[in-house]
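When the letters of the sequence shown are read in order and numbered with the UniProt record's numbering, they come out as residues 1 to 101.
Backbone N, C-alpha and C define an ideal beta-carbon position, used for all residues, glycine too.
As the structure is a computational prediction, the values presented were derived from the model and not from experiment.
Data block below; observations after.
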Amino acid sequence: MTVQQYGGQWKRLGNEAKDQLVGSSVQSADALGAIANKNQMKLVKVIGTECIIAAKVVTGNKTMLPVLLHGKVRGGSIVFTCRSPSRSLSSAVISMIKAAC
């Protein structure tokens with residue numbers, strides 16, 4: 001996925017969740033990208049202290065749902081914003097990545 005494709009999907013996916021992880025040992029966007037890769041997510045690009053990450057979740061009926069995650073790392077905290085077709089899915093993805101951090 002390119003940055004342009006990510007941006008287009010970001011605008012279309014309206015079910016957004018936001019959260020913050022305070023006291024994280026993750027100190028850089030590159031480190032956050034590595035954690036995302038270990039969790040079957042694709043790092044699209046690191047831009048300064050920000051990561052843009054994409055994934056697809058396969059449902060029980062084999063439907064693939066796009067998930068887009070934005071993370072901003074600053075001073076021991078990470079601010080997450082996630083968009084997907086479902087707000088509960090967006091929240092679940094943030095919970096999963098926070099647990100991995």
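Thinking just about the alpha-carbon of each residue, which of the options is nearest to the one in residue i?
i: E16; options: A100, Q40, P66, G60; result: P66
i: K11; options: I97, V46, C82, V26; result: C82
i: G75; options: T49, M1, A36, K56; result: T49
Using three-state DSSP, classify residue i as helix, strand or coil.
i: N39; result: coil
i: L32; result: helix
i: L21; result: strand
i: S86; result: coil
Using the C-alpha atoms, what's the distance from residue j back to residue i?
i: S77; j: V44; result: 21 Å
i: A54; j: A29; result: 15 Å
i: Y6; j: V22; result: 26 Å
i: A92; j: L69; result: 12 Å
i: G8; j: N39; result: 24 Å
Hey, is residue i's beta-carbon within less than 7 Å of any beta-carbon in chain D?
i: P66; result: Looking at the structure shown, chain D is missing, and only one protein chain is on hand.
Practice task
Entirely within the stretch 57-81 and at least 3 residues each: give me those beta strand (DSSP E) ranges in chain order.
Solution key: Taken in chain order, the complete beta strand (DSSP E) segments of 3 or more residues contained in the stretch 57-81 are 64-74.
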